[in-house]
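One structure is given below, encoded as structure tokens.
In the numbering used here, the protein residues as written are 252 to 311.
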């Protein structure tokens, strides 16, 4: 996703994968990268972050 305005910007990129081991049991993992920046009169704030997650899904 991305958004750009005259006063700033924000971009986000995400990737998620899932692997099904059984009809009711699966594993998943993902990665997200975020970047943002803006313009103000006295400063130029910006940010950069990334995160990862893993999990187990059990449906009953």
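Ideal Cβ placement from N, Cα and C applies to all residues, glycine included. Remember, predicted model here, so these are calculated numbers, not experimental data.
Coarse secondary structure for residue i, derived from DSSP in three states
i	result
residue 291	coil
Residue span of the beta strand (DSSP E) that contains residue i, given as start and end
i	result
residue 299	297-309
residue 260	259-273
Inter-residue Cα distance where the pair is residue i and residue j
i	j	result
residue 297	residue 287	5 Å
residue 304	residue 258	32 Å
residue 281	residue 292	37 Å
residue 254	residue 279	28 Å
residue 301	residue 261	14 Å
Nearest-angstrom Cβ-Cβ length linking residue i and residue j, presumed shorter than 8 Å
i	j	result
residue 277	residue 285	At roughly 26 Å, the Cβ-Cβ gap does not stay under 8 Å, so residue 277 and residue 285 are not in contact.
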